[in-house]
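Counting from 2, one number per residue, gives the positions in the sequence shown under UniProt numbering. Ideal Cβ positions, reconstructed from N, Cα and C, are used throughout, including at glycine. Data block below; observations after.
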Amino acid sequence: SGEWDLKILCMGAGYVGGPTMAVIAKQCPKIRVVVGDISQKQIDAWNTDDLPIYEPGLLEVVQECRHRNLFFSTDLDKEIDEADVIFISVNTPTKTKGIGAGAAANIKNCELCARHIAKIAKQSKIVVEKSTVPVRTAEAISRILRANEKGFEFQVLSNPEFLAEGTAIKDLMNPDRVLIGGPQTTEGLKAIETLVSVYANWVPLEQILTTNLWSSELSKLVANAFLAQRVSSINSISALCEATGADVNEISRAVGMDDRIGKRFLQPSVGFGGSCFQKDILNLVYLCETYGLQACADYWRQVIQMNDFQKKRFSEGIVASMFNTVTGKKIAILGYAFKKDTGDVRETPSMFVVRDLLQENAKIHVYDPQVTRGDMWLEMDYTCGVNHDNTPGLDEAVTTSTDAYSACDGAHAVCILTEWDEFKTLDYKKIYDSMAKPAFLFDGRLLLDHKELRKIGFEVHAIGKPD
Ligand code: NAD
Ligand code: UGA
Numbered sequence: 002s003g004e005w006d007l008k009i010l011c012m013g014a015g016y017v018g019g020p021t022m023a024v025i026a027k028q029c030p031k032i033r034v035v036v037g038d039i040s041q042k043q044i045d046a047w048n049t050d051d052l053p054i055y056e057p058g059l060l061e062v063v064q065e066c067r068h069r070n071l072f073f074s075t076d077l078d079k080e081i082d083e084a085d086v087i088f089i090s091v092n093t094p095t096k097t098k099g100i101g102a103g104a105a106a107n108i109k110n111c112e113l114c115a116r117h118i119a120k121i122a123k124q125s126k127i128v129v130e131k132s133t134v135p136v137r138t139a140e141a142i143s144r145i146l147r148a149n150e151k152g153f154e155f156q157v158l159s160n161p162e163f164l165a166e167g168t169a170i171k172d173l174m175n176p177d178r179v180l181i182g183g184p185q186t187t188e189g190l191k192a193i194e195t196l197v198s199v200y201a202n203w204v205p206l207e208q209i210l211t212t213n214l215w216s217s218e219l220s221k222l223v224a225n226a227f228l229a230q231r232v233s234s235i236n237s238i239s240a241l242c243e244a245t246g247a248d249v250n251e252i253s254r255a256v257g258m259d260d261r262i263g264k265r266f267l268q269p270s271v272g273f274g275g276s277c278f279q280k281d282i283l284n285l286v287y288l289c290e291t292y293g294l295q296a297c298a299d300y301w302r303q304v305i306q307m308n309d310f311q312k313k314r315f316s317e318g319i320v321a322s323m324f325n326t327v328t329g330k331k332i333a334i335l336g337y338a339f340k341k342d343t344g345d346v347r348e349t350p351s352m353f354v355v356r357d358l359l360q361e362n363a364k365i366h367v368y369d370p371q372v373t374r375g376d377m378w379l380e381m382d383y384t385c386g387v388n389h390d391n392t393p394g395l396d397e398a399v400t401t402s403t404d405a406y407s408a409c410d411g412a413h414a415v416c417i418l419t420e421w422d423e424f425k426t427l428d429y430k431k432i433y434d435s436m437a438k439p440a441f442l443f444d445g446r447l448l449l450d451h452k453e454l455r456k457i458g459f460e461v462h463a464i465g466k467p468d
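Structure, rendered in structure tokens:
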């Protein structure tokens with residue numbers, strides 16, 4: 002490729018495409034990396050220092066590589082033509098209507114990318130599925146490419162991404178493993194080797210796993226299903242703890258010290274959120290159903306049902322504790338992102354709590370260090386169907402505050418819904434003094450020192466803890 006060892010294009014400049022490619026560019030100065038998108042707004046933001054996503058450490062990596070070997074562009078025709086390797090890292094949301102509505106993943110965007118590549122490419126290329134997709138999507142992509150071939154062959158690989166938001170740069174720099182699936186043919190194995198050589202610039206070879214396509218695609222869905230299952234498992238136990246007087250933190254500690262179980266991902270919460278856990282489990286459920294495995298489908302669906310139960314239980318608990326009414330009461334919501342260190346609100350549990358409290362006619366004041374009011378409304382409309390047109394007074398009912406103290410000023414209750422570090426060091430005495438009494442505090446993340454808060458005077462209710 003001329004002055005470059007390899008030219009990579011990534012179609013999709015989102016939470017995965019952006020950080021993943023930035024780290025490849027950082028670790029491989031001799032590879033030219035272009036991140037492309039159909040959204041001009043998204044690409045324009047990547048070309049400024051006001052990046053479209055918040056991720057610790059990301060800006061530094063982008064600043065180091067941008068215009069050196071990392072470029073952001075909407076000129077997909079030109080970049081497809083030039084690239085040796087093309088990643089597809091577009092969104093694959095759950096279908097909302099038609100066959101498989103509410104469960105199947107829509108791979109429309111992946112297919113559009115494949116068709117775009119087929120139309121433009123004048124020579125052989127390696128096409129890599131980075132998006133999380135149903136098993137056998139690589140076959141669909143292959144067939145589209147093959148049907149449009151002009152005397153050369155494309156190789157399609159699967160290389161699912163395991164980064165978590167909020168720790169994306171750390172996860173990418175030091176991944177537990179990189180997984181690459183491909184056709185077990187001479188050409189397929191050669192393509193796998195090319196992709197292995199990219200990651201081998203910084204990932205030890207023992208941590209780069211290669212396998213066939215279907216195992217790779219399915220492993221991604223299974224990894225997310227297992228992770229989400231742990232959260233639902235501990236959350237189910239949090240309900241039992243509240244009923245029996247056991248302490249869920251003590252359970253996590255005692256159970257997690259068994260090496261076979263492990264310590265991580267046993268943190269009880271108001272529920273898991275994020276764009277992927279629910280979507281990917283539904284994807285798995287739909288696959289099971291497609292192959293007639295109803296018992297397997299039911300088993301995994303229960304992970305989501307437990308999560309719904311947990312979110313609902315939390316908002317019902319607020320109303321029940323506050324004398325069965327929150328009508329007209331000011332309730333402060335600290336944290337709206339689905340986890341700390343991100344501004345992402347997709348499927349965030351905070352949204353479901355806010356929605357439920359709005360139905361009770363509470364006055365909501367939200368403070369989150371990274372979430373914009375615009376994103377809040379977009380997601381509320383997309384996922385809950387609540388918007389300004391069908392819900393008059395929505396704008397007046399929800400205030401977004403620029404700091405935690407003003408959100409809590411005069412409130413009847415404070416709810417901790419995201420585990421932001423800064424919430425640990427707030428002056429809770431000052432907050433208490435400014436609130437209506439009795440001052441309720443609902444800790445949905447087990448973030449705070451409840452003994453200390455009770456000493457100040459708060460009535461504290463926390464997930465999985467005796468009141
Ligand atoms: P995203 O919505 O943040 O980004 C997707 C981008 O693709 C958007 O900017 C969109 O404009 C662009 N796009 C759509 N169609 C396109 C096309 N035809 N050509 C070019 N660009 C196009 O999504 P995301 O969170 O980055 O997720 C992408 C995929 O990665 C999903 O399949 C997801 O399941 C998977 N994944 C996500 C995460 C995560 O933490 N968000 C982690 C691992 C895997
Ligand atoms: C998750 C996986 O961890 C990644 O490996 C995967 O690549 C990604 O999904 C994806 O495919 O999109 P992410 O959703 O970004 O990453 O964040 P997590 O740290 O997994 O948290 C997900 C949700 O579970 C959050 O709402 C978090 O608060 C919650 N959670 C997590 C708990 O409630 N308790 C825990 O112990 C851990």
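Look at R374 here: in three-state DSSP terms it is helix. A Cβ-Cβ distance of about 24 Å is found for the pair A321 and Y368, leaving them out of contact under the 8 Å criterion. Residue environment for V461: buried (at least 16 other C-beta atoms within 10 angstroms of its C-beta). DSSP assignment within the region 175 to 241 yields the following whole beta strand (DSSP E) runs of 3 residues or more, N-terminal first: 179 to 182 and 209 to 212. Following the DSSP letters along the chain, one finds K364 inside the beta strand (DSSP E) bounded by residues K364 to Y368. Straight-line spacing of the CA atoms in K364 and K425 works out to 24 Å. The Cβ atoms of P94 and K280 sit closer than 8 Å to each other. For secondary structure counted as the beta strand (DSSP E) over 3 or more consecutive residues, the region 299 to 368 holds these complete runs in sequence order: 331 to 335 and 364 to 368. Rounded to whole angstroms, E61 and I32 show a C-alpha spacing of 19 Å. Under the three-state reduction of DSSP output, K8 falls in the strand class.
By the 16-neighbour rule on beta-carbons within 10 angstroms, G272 is buried.
A distance of 8 Å or more separates the beta carbons of V136 and P176. By the C-beta density criterion, F153 is exposed, having fewer than 16 other C-beta atoms within 10 angstroms. Look at I54 here: in three-state DSSP terms it is coil, with no helix or strand label. With a cutoff of 8 Å on beta-carbon distance, E423 and L448 are scored as not near each other. Annotated as proximal: I464 and S239, with beta-carbon spacing under 8 Å. Shown here, C277 sits in coil according to DSSP, grouped into three states, outside any helix or strand. In terms of side-chain proximity, the C-beta atom of Q268 is found nearer than 7 Å to a non-hydrogen atom of the ligand UGA.
By the criterion of at least three beta-carbon pairs nearer than 8 Å, the region 379 to 395 is in contact with the region 342 to 353. Residue state for D259 is assigned as coil, using DSSP reduced to three classes. Cβ contact annotation for S217 (same chain, cutoff 6 Å, sequence separation greater than five): S159, L180 and G182, in chain order. Between the region 433 to 447 and the region 206 to 226 there are fewer than three inter-stretch CB-CB distances shorter than 8 Å, so the stretches are not counted as touching. Cβ contact annotation for I262 (same chain, cutoff 8 Å, sequence separation greater than five): V256, in chain order. Shortest gap from the CB of E166 to any heavy atom of the ligand UGA: under 7 Å. Look at F424 here: in three-state DSSP terms it is helix. K221 counts as buried, since at least 16 other C-beta atoms from the protein chains shown sit within 10 angstroms of its C-beta.
E460 has F441 as its beta-bridge partners, per DSSP. Per DSSP, the continuous alpha helix (DSSP H) segment holding C111 begins and ends at K109 to I121. Here the alpha carbons of E207 and Q41 stand approximately 39 Å from one another.
Counting of Cβ neighbours within 10 angstroms places Y292 among the exposed residues, the total staying below 16. Here Q28 has N202 and W203 as same chain residues with Cβ atoms under 7 Å from its own Cβ, once five neighbours each way along the sequence are excluded. Leaving aside the five residues that flank C416 on each side, the residues in its chain whose CB is nearer than 6 Å to its CB run, in chain order, I334 and F443.
One Cα belongs to Y16, the other to M377, and the distance between them is close to 17 Å. Contiguous alpha helix (DSSP H) elements confined to the region 27 to 54 occur at 41 to 47, taking only those with 4 or more residues. Taking 7 Å as the cut-off, the C-beta of N175 does not count as close to any heavy atom of the ligand UGA.
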